[in-house]
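Student:
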Amino acid sequence: MRIELGPLDIARTALAPAAEPLWELACSVRLLTAGDGFAWWRRQVRPRLPESVRVLEWLYAEPAPGFLLPRATDLSAGLAAVLETQAHRLRTELRGRTAPATLPAWAAALAEGDVSSLPKLVQAMREYFEAAVEPHWDTVLAHVGADRQLRAHVLAGEGVGALLTGLAPALRWSAPVLSAGSEDELVVPGGAGIVLTPTYFALRPQVALSPGPVRLGYPALPRPARPRTCPPDRALSALLGPTRAAALTVVAAGCSTSELAARLGVTPSAVSKHTSVLRAAGLIATRRERNTVVHTLTPLGLSLLGD
């Protein structure tokens, strides 16, 4: 993939404001058949996946159709946008895709531009999200938020060039081209700009083409790993105390206050005291996402932990 950016595209480079549910949905569907990464997640979610996931696995085969990735930081808003997809767009973006005979008839009808099949598609997407993505949403918010905070700091202090260079190793920036993997596919925004979307469940970059700016999803940093179960090392415990060292270790995966309390086996009020100390020391960052307080490591905290 090669994205050729003109002067207007560079001037209109932006970061997605928050984690986008439909990007996480799309990338997580691909993980179901991936051989690398997130094995712990696949083991957890497979027993509870709805039968309709087979349709999603067919639809989200790369490249994913742009109509499945509308710009929305809210699941309901994103699904509403999918529901409004026009027949000509369905036919255009699903051209050449033949649904396997094992899929329900409504899935095959989508490729023919049958908009009456969209409610069933949206229901399948919602059911899958609730089973596979929603249980991990606090972690998604934490990782994506931490990545976005880092990128926004670079953009504000050093400019677009440094921002694009910093997307390595997932992407390579050699002005005026941003590239990843095979460079067979050429994308030219044509002055519409580009929106960078950090994505927790992504293994590799992905482009969504739709009216307006090109949208580029990329793996959020730090690279997600299975939530930690190992205790912190002795030196860290001696420095911070065992509970705060354990808290720092858990926060490495991103978590909410309630999740942290459950992992540590203490009350939320006790967790708040520990996170206050860690935050004052510059080891963690805390922010509110809707009704949830989410904690992530700062670069200093990550360095101290030795990850």
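Numbered per UniProt numbering, the sequence shown spans residues 1 to 307.
Every residue gets a Cβ at the ideal spot worked out from N, C-alpha and C, and that includes glycine.
Just so it is clear, the structure is predicted and the values come from calculations on it, not from any experiment.
Within the region 173-197, note down every full beta strand (DSSP E) run reaching 3 residues or more, in order along the chain.
Tutor: Taking only runs of at least 3 residues, the beta strand (DSSP E) segments lying wholly in the region 173-197 are 177-179.
Student: Tell me the DSSP secondary structure of Ala-246 in three-state form.
Tutor: As a position in the sequence shown, residue 246 is number 246, starting the count at 1. Looking at Ala-246 - three-state DSSP - the assignment turns out to be helix.
Student: Leaving out five residues before and five after Ala-26 in sequence, what residues of the same chain have Cβ atoms less than 7 Å from its Cβ?
Tutor: Translated into positions along the sequence shown, residue 26 becomes position 26. Around Ala-26: Tyr-60, Ala-64, Leu-68 and Leu-69.
Student: Taking C-beta to C-beta, are Ala-14 and Val-160 nearer than 7 Å?
Tutor: Indexing the sequence shown from 1 puts residue 14 at position 14. Indexing the sequence shown from 1 puts residue 160 at position 160. Contact: no.
Student: Considering only their Cβ atoms, is the gap separating Val-154 from Ala-162 smaller than 7 Å?
Tutor: Position 162 of the sequence shown, counted from the start, is the residue given in the question as residue 162. Position 154 of the sequence shown, counted from the start, is the residue given in the question as residue 154. In this structure, Val-154 lies closer than 7 Å to Ala-162 by Cβ.
Student: Return the residue from the list Ile-284, Arg-215 and Pro-189 that minimises the CA-CA distance to Thr-197.
Tutor: Position 197 of the sequence shown, counting from 1, holds the residue named residue 197. Nearest of Ile-284, Arg-215 and Pro-189 to Thr-197, Cα basis: Arg-215.
Student: Given a cut-off of 7 Å on the beta-carbon distance, is the pair Glu-24 and Phe-201 in contact?
Tutor: Along the sequence shown, read from residue 1 onward, the residue named residue 24 stands at position 24. Along the sequence shown, read from residue 1 onward, the residue named residue 201 stands at position 201. Yes, they are a contact pair.
Student: Check the C-beta distance from Leu-248 over to Leu-278 and give it rounded, since I have them as a contact under 8 Å.
Tutor: The count along the sequence shown starts at 1 and reaches residue 248 at position 248. The count along the sequence shown starts at 1 and reaches residue 278 at position 278. Right, their Cβ atoms sit about 6 Å apart.
Student: DSSP three-state call for Val-266: helix, strand or coil?
Tutor: By one-based count along the sequence shown, residue 266 stands at place 266. Val-266: coil per DSSP, three-state reduction.
Student: I need the straight-line Cα distance from Leu-283 to His-295, nearest angstrom please.
Tutor: The residue labelled residue 283 in the question sits at position 283 within the sequence shown. The residue labelled residue 295 in the question sits at position 295 within the sequence shown. C-alpha separation (whole angstroms): 10 Å.
Student: Judging by CA-CA distance, which residue of Leu-8, Leu-209, Ala-280 and Pro-50 is the nearest neighbour of Met-125?
Tutor: Indexing the sequence shown from 1 puts residue 125 at position 125. Residue Pro-50 is the option with its Cα nearest to Met-125.
Student: Do we get a CB-CB distance below 7 Å when we pair Ala-261 with the residues of chain D?
Tutor: In the structure shown, chain D cannot be found, because there is only a single protein chain.
Student: Along the chain, where does the alpha helix (DSSP H) that runs through Gly-161 open and close?
Tutor: Reading the sequence shown from its first residue, position 161 is the one you call residue 161. Its alpha helix (DSSP H) spans residues 160-165.
Student: Per DSSP, which residues does Ala-285 bridge with? Please list them.
Tutor: For the purposes of this step, residue 285 is identified with residue 285 of the sequence shown, where counting begins at 1. Bridge partners of Ala-285: Thr-296.
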